[in-house]
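Data block below; observations after.
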Amino acid sequence: MQAPDTLTSLRWDPVLARVEVIDQTLLPHRLQWQPLETLQSFCHAIRAMQVRGAPLIGITAAFGLAQELARDASDQNLEAAVAALLQTRPTAVNLGWALQQVRQAVAGLEPGARAGVALQRALELREQ
């Protein structure tokens, strides 16, 4: 089996509406994709270092916030989700920056419009 020319550490599956990351704790011995679907799973992936590197940690957090807003886009849950994700790595600059990018993108929107905008912003951040 030949490895692909490029491999990304995080992928968005639009059919299943979930994120999958390479569990970096298993490298280099095994390549395993870990699905992330809940706020808790995103927090665990960051805290347990399943995702590594400042940019990837930030992008993972952005997708985690977007996924959580798809579940509950209320003001209260937005702030609680941001706080939970920030607590995973309080000193991670990219994590805070990415969360701020998503938070600014949904600021002033009605809750019903937040999830789609948050996901779009996370996808944009992944491409940067």
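Quick note: the sequence shown uses this note's numbering, first residue 16, plus one each step. Yeah, the Cβ is synthetic: ideal placement off N, Cα and C, and Gly gets one too. For clarity, every value in this text was computed on a predicted model and none was experimentally measured.
Given a threshold of 16 other Cβ atoms within 10 Å of its Cβ, counted over all protein chains shown, does R136 qualify as buried or as exposed? R136 should be labelled buried.
Beta carbon of L51, beta carbon of V36: below 8 Å? yes
Spatial distance of R7 from A77 (CA atoms): The requested residue 7 does not occur in the structure, where the chain is confined to residues 16 to 143.
Between Q47, A128 and R33, which has its C-alpha nearest A88's C-alpha? A128
In chain order, what residues of the same chain have a beta carbon less than 6 Å from the beta carbon of A107, not counting five sequence neighbours either side? I72
For A81, which residues of its own chain have a beta-carbon under 6 Å away from its beta-carbon, when the five flanking residues on both sides are left out? A133, L134 and A137
Identify the continuous alpha helix (DSSP H) that holds Q55 and give its terminal residues. L54 to R62
Measure how close the beta-carbons of R67 and Q39 come, nearest whole angstrom, since I'm counting them as under 8 Å. 5 Å
Length at least 3, wholly inside the segment 29 to 116: the beta strand (DSSP E) runs in chain order: At a cut-off of 3 residues, the continuous stretches assigned as beta strand (DSSP E) that sit fully inside the segment 29 to 116 are 33 to 37 and 48 to 51.
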